[in-house]
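Okay, structure first, notes after.
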Amino acid sequence: MSRLKRVPQEKKAGWYAVLADPQMPVTSTLLDQAHNAIERKLFAMKGFHHPKGSQQAFLTGLAHLYNLVPYQRRAQHAGQCGVEVEGGTVPTRDWFLNLQILTSGGFR
Amino acid sequence: MGQAAKRTRENRTITVDFRDDATYVQLLGNGKAFVEFVGAFLLSLGFQLAHKATCRGGGCLTRHSHYVRLRVRGITIWRIQCTTCKAVFTVLPHFVLRYRQMQPEVARDALLATQGGLSLELCAVLYHISPMALYRLISALGQQSLVPVLTRCGLPLPVYFLADEKHSRCLTTKAYLPTIVCGRVLWHLGYTAAASTTAFAQSYRTFQQAALQQEPSYRVRGILTDGFDSTTRSLRTLFPEARLGICLRHAINKLPAKLVAIASPVRKALRSQFHTLLYRARQRKGLRVFALGQRLRHFVDHVTATAGAANGKRVRRWFQEKGTHLRRDS
């Protein structure tokens, strides 16, 4: 009995995990899209690196832009930012104002 | 007697949309109307102010003090205070950027151009600012962590997500960006100098801690990676209860490399068959786990028959690694 129970348990990782759980993402396409978007900015910021630089803050700032700037003009999610596409709500219709409000620091 | 460490002030700046400059100037002369306007704006947003930890709420806001931003047209900035916990909030009108002289219109255009892929240098030339000013503006936005900002927008913490690292270069040294994505939203973008399990675990831990701070009962159910050892090990350490999956697209792309010394059309045909196999396994609703194992075995037999025993052996070993090397007991 213990062996029978153990077999499916052992196979839950790797490709099996992807197929065993219907809610599990299958491919990393969306992550690759984000990486490609960030890669272009990293190439642009090459001259701004130094050992004590604020790389982490810069990257987080880029991530905020990635999440909050609308990225389509004509397709299914026209005029929507990543947060809205995923079902979130933003304070106003203006992405820059949203960015200012959400990163201002005085809200909980 | 030792000197007490200097306490850093908490950033309690709130940006308020006053519609236009004239409304703001008009409200400055009327304290009650000013506070009421700010209160109405907060209600419309539905956000809570970051009061002190001891504050139970219920207090009202009052005007506290003001100062003048000489370099931004000499504009007056007011602070408001919670009467209960005495926390002071700086009310920044929407047309002023915190600690910056840059016009919001210029900042908006420059950020949009940067987001669109234009280099910092070109953005700076286009909008008559220095590249470093733009760099600092983006860094200032990054002072707020991603998780609180996203949960403030009503997004639930991700139960299933994609995790991977991006290899990049920081001048001459290598840098790695551990990333967490759920759908179209970036939940974590870290920066490490090493690709070790420890370094990645440290980076992913910041996300975990931020998430637990938002929701102490937060649990991850599934994580998809590309199978990179440091990533999977660090995630296994941090999220022991989560299922760790490996991206199927990476698998399809890696198969041709396992098939050596065969004709290109044969390799392409095998890749196509492998793609169909994974796609069909994904489409099935029941007993997919067992069906996949059987289909993979048949596929290995097919590879052995068409591409030779050496290739078949290599593919079999690779399948076994992908299926079992992440066992919890290993």
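One line per chain: the protein sequences are A and B, in this order.
Here the numbering used here is used: the first residue of the first sequence is 3, the next is one more, and so on.
Here the numbering used here is used: the first residue of the second sequence is 4, the next is one more, and so on.
The C-beta atom is built at its ideal place from N, Cα and C for all residues, glycine as well.
Remember, predicted model here, so these are calculated numbers, not experimental data.
| Query | Result |
| --- | --- |
| Nearest CA to the CA of Q118/B: which residue from L70/A, A77/A, E86/A? | L70/A |
| Just the C-alpha distance for R8/A and F242/B, rounded to the nearest angstrom, thanks. | Only weak support is given to the placement of R8/A: the predicted model assigns it a pLDDT of 48, under 50, and the value that follows is read from those uncertain coordinates. In a straight line, the C-alpha of R8/A is about 21 angstroms away from that of F242/B. |
| Under 8 angstroms, with one C-beta from each stretch per pair, do the region 189-201 of chain B and the region 228-248 of chain B reach the 3-pair mark? | yes |
| State the beta-bridge partners of L227/B as determined by DSSP. | L165/B, G248/B |
| Under the DSSP definition of a beta bridge, which residues are partnered with A178/B? | S171/B |
| Using a Cβ cut-off of 8 angstroms (strictly closer), state whether R75/A contacts chain B. | no |
| Applying a beta-carbon distance threshold of less than 8 angstroms, which residues of chain A neighbour P107/B? | F98, Q102 |
| Tell me the rounded alpha-carbon separation between D112/B and V75/B. | 19 angstroms |
| Should the region 166-182 of chain B be regarded as contacting the region 90-100 of chain A, the criterion being three or more beta carbon pairs within less than 8 angstroms? | no |
| Using three-state DSSP, classify S237/B as helix, strand or coil. | helix |
| Given this structure, state the Cα-to-Cα distance separating D232/B from R187/B, to the nearest angstrom. | 25 angstroms |
| Could you tell me the alpha carbon to alpha carbon distance between S267/B and V303/B, rounded to whole angstroms? | 18 angstroms |
| Suppose you measure from the CA of D24/B to the CA of F37/B; what does that come to, to the nearest Å? | 14 angstroms |
| I'd like to know whether the C-beta atoms of R270/B and L262/B end up nearer to each other than 8 angstroms. | yes |
| Going along the chain, which unbroken runs of the alpha helix (DSSP H) with 4 or more residues stay wholly within the region 31-55 of chain B? | 34-48 |
| Where F210/B and V94/B are concerned, what is the direct C-alpha to C-alpha distance, given to the nearest angstrom? | 29 angstroms |
| Interface residues of chain E around K43/A at Cβ under 9 angstroms? | Among the protein chains of the structure shown, namely A and B, there is no chain E. |
| Can you tell me which of T154/B, F277/B, S206/B puts its alpha carbon nearest to the alpha carbon of A214/B? | T154/B |
| When the Cα of H69/B is compared with those of R59/B, Q84/B, C58/B, A264/B, which residue comes out closest? | Q84/B |
| Let's see if you can read the secondary structure: which residues bound the alpha helix (DSSP H) around T209/B? | 200-217 |
| In its own chain, which residues sit with a C-beta less than 7 angstroms from the C-beta of R331/B, not counting the 5 before and 5 after it? | In this prediction, R331/B scores a pLDDT of 36, lower than 50, which makes its location untrustworthy; no coordinate-derived value is stated. |
| Alpha carbon to alpha carbon, how far is L6/A from E244/B? | At L6/A, the pLDDT of 48 sits below 50, so the modelled position is not reliable; the number obtained from the coordinates is stated separately. Taking the straight line from one Cα to the other gives about 21 angstroms. |
| Count the other C-beta atoms from every protein chain shown that fall within 10 angstroms of the C-beta of K325/B, then say buried if there are 16 or more, exposed otherwise. | buried |
| What are the residues that DSSP puts in a beta bridge with T95/B? | The displayed chain sequence assigns Leu, not Thr, to residue 95/B. DSSP output for L95/B lists T18/B as bridge partner(s). |
| Spatial neighbours of V71/B within its chain, please: CB distance less than 8 angstroms, with the 5 preceding and 5 following residues excluded, ordered by chain position. | G77, I78, T79, I80 |
| Exposed or buried, which one is C83/A when buried takes at least 16 other CB atoms within 10 Å? | buried |
| In or out: K88/A buried (at least 16 other Cβ within 10 Å) or exposed? | In the sequence as presented, Lys is not what sits at residue 88/A; that position holds Glu. Burial call: buried. |
| Spell out the partners DSSP gives V71/B in its beta bridges. | T79/B |
| Ignore the nearest five residues each way along the sequence and tell me which others in S4/A's own chain have a CB closer than 8 angstroms to its CB. | Caution applies to S4/A, whose pLDDT of 49 falls short of 50 and renders its modelled position unreliable; the value that the coordinates give is listed next. So the list is empty, once near-sequence residues are dropped. |
| Bridge partners for Q84/B per DSSP, in chain order? | T65/B, V91/B |
| L32/A to N38/A, Cα distance in whole Å? | 10 angstroms |
| Output the distance between the C-alpha atoms of G65/A and Q29/B, rounded to the nearest integer angstrom. | Rather than Gly, the amino acid found at residue 65/A in this sequence is Ala. One C-alpha to the other measures close to 37 angstroms. |
| So what does DSSP say about I183/B, is it helix, strand or coil? | strand |
| If we ignore side chains and look at the alpha-carbon of each, how far apart do V152/B and Q104/B end up? | 25 angstroms |
| Leaving out the 5 sequence neighbours to the left and right, which residues in its chain are closer than 6 angstroms to L295/B when beta-carbon positions are compared? | A284 |
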